[in-house]
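Position one of the sequence shown corresponds to residue 1 (UniProt numbering), numbered consecutively onward. Ideal Cβ positions, reconstructed from N, Cα and C, are used throughout, including at glycine. A quick write-up on the structure given underneath.
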Amino acid sequence: MTYSLWIIITGVLVGVTCGMTGALLVLRKMSMLADAISHTVLLGIVGAFLVTHSLNGVPMLVGAATVGILTALMVQLLDSSGVQSDAAIGVVFTSLFALGVVLISFIGDSVHLDVEHALMGEIAFVPWDTWTWNGINLGPTAVWLLGFVFILNLTIILLFYKEFKISTFDPQLAISIGVPVVAIHYVLMSMVSFSTVASFDSVGAILVVAMLIVPGATSYLLTDSFGGMIALSALIGALSSLLGYTFALFVDVSISGAMATATGLLFTLAFFLSPKHGMLAKWYRRKQMQKQQLNA
1 MTYSLWIIIT GVLVGVTCGM TGALLVLRKM SMLADAISHT VLLGIVGAFL VTHSLNGVPM
61 LVGAATVGIL TALMVQLLDS SGVQSDAAIG VVFTSLFALG VVLISFIGDS VHLDVEHALM
121 GEIAFVPWDT WTWNGINLGP TAVWLLGFVF ILNLTIILLF YKEFKISTFD PQLAISIGVP
181 VVAIHYVLMS MVSFSTVASF DSVGAILVVA MLIVPGATSY LLTDSFGGMI ALSALIGALS
241 SLLGYTFALF VDVSISGAMA TATGLLFTLA FFLSPKHGML AKWYRRKQMQ KQQLNA
């Protein structure tokens with residue numbers, strides 16, 4: 001029972017942490033940059049190991065944040081130089097991720113890190129990698145790391161809520177009233193990097209991308225409130241983890257894959273059933289307008 005509980009807690013923390021951060025990315029139309037960062041942080045993890053010879057949380061977070069900010073800087077530089085934004089993301093994404101893959105080959109024999117592990121992860125192994133302090137088993141390391149990043153991200157969002165909101169919807173107004181738009185942008189990139197690397201070892205890049213993008217896109221269809229979208233995105237991420245784990249348990253499939261599939265299922269439901277933006281609601285309003293025009 002404890003084994004399953006740790007897996008559920010880890011999945012929920014991934015969903016909540018990535019979900020609330022991803023909502024900001026969706027609103028800023030930066031979803032694909034999240035995809036890029038979730039892969040390029042591999043280079044930061046490998047770089048941190050080469051420097052410290054350790055895969056402990058703090059070096060990984062520093063390495064991931066550095067590479068995440070580097071990714072955003074390089075994309076911005078290429079974009080401002082005339083390269084299309086999607087092409088800029090593609091160039092930076094593939095180049096830095098490929099470099100990380102190449103570097104893995106040099107350390108593959110000395111550390112449990114490979115490309116398959118980086119992409120797929122294995123959340124089922126989380127309960128076995130525990131943090132022991134003074135001989136006391138404090139539980140899975142991944143839970144502590146994810147918990148720390150969740151609290152960090154939540155604190156940043158609460159402290160800079162107004163700055164995030166203004167710079168997201170009206171960057172020019174934000175600049176005119178003295179909001180440090182550029183600094184807020186790179187703070188968000190750091191949050192994405194922290195969320196990614198905290199989730200990376202447990203669930204892999206694929207589920208991280210799903211949790212960063214899909215819950216935010218789903219909540220976008222369900223609410224027009226800025227704060228409500230962040231909260232709802234976190235809730236959808238957590239619900240996706242619970243549904244995915246339950247499905248994987250009964251069907252005996254990949255837990256991370258099932259959680260990612262659950263995010264897609266919830267998005268599909270919102271896409272069709274959202275009261276305001278859903279396809280059925282739009283169809284109904286269109287039919288009502290046609291009736292009114294015929295009766296006029």
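Along the chain, where does the beta strand (DSSP E) that runs through residue i open and close?
i      : result
Gly264 : It is not in any beta strand (DSSP E) - Gly264 instead sits in the alpha helix (DSSP H) that spans 255 to 273.
Pro140 : 136 to 140
Using the rule of at least 16 other Cβ atoms within 10 Å of the residue's Cβ for burial, across every protein chain shown, is residue i buried or exposed?
i      : result
Pro215 : buried
Ile151 : exposed
Tyr245 : buried
Val102 : exposed
Met74  : buried
Asn295 : exposed
Ile136 : exposed
Quick check on the DSSP output: the alpha helix (DSSP H) that includes residue i runs from which residue to which?
i      : result
Trp133 : Not the alpha helix (DSSP H): Trp133 falls in the beta strand (DSSP E), residues 130 to 133.
Gln290 : 279 to 295
Ile230 : 226 to 251
Phe49  : 31 to 52
Val12  : 2 to 27
Would you mind giving the Cβ-Cβ distance between residue i and residue j, rounded to the nearest angstrom? I have them listed as a contact below 8 angstroms.
i      : j      : result
Ala72  : Phe194 : So it is not a contact: roughly 14 angstroms between Cβ atoms.
Val149 : Ser167 : At roughly 22 angstroms, the Cβ-Cβ gap does not stay under 8 angstroms, so Val149 and Ser167 are not in contact.
Lys202 : Val126 : The question names Lys, yet the displayed sequence has Ser at residue 202. Confirmed, about 5 angstroms.
Ile45  : Val197 : 6 angstroms
Met279 : Phe271 : 6 angstroms
Ile255 : Val143 : Wrong, their Cβ atoms sit about 15 angstroms apart, outside the cutoff.
Gly68  : Val41  : 6 angstroms
- Message: Within 8 angstroms, do at least three Cβ pairs link the segment 43 to 62 to the segment 246 to 261?
- Response: no
- Item | Complete alpha helix (DSSP H) runs within the segment 151 to 181 (minimum length 4 residues, chain order) | 161 to 169, 171 to 176
- Message: I want to know whether the segment 18 to 36 touches the segment 207 to 223 - three or more CB-CB distances under 8 angstroms.
- Response: Judged by pairs of C-beta atoms under 8 angstroms, the segment 18 to 36 touches the segment 207 to 223, as three or more such pairs exist.
- Three CB pairs or more closer than 8 angstroms across the segment 9 to 22 and the segment 226 to 239: yes
- Message: Assess contact between the segment 226 to 234 and the segment 175 to 190, defined as three or more Cβ pairs (one per stretch) separated by less than 8 angstroms. Is contact present?
- Response: No: the two stretches stay apart, fewer than three of their Cβ pairs being nearer than 8 angstroms.
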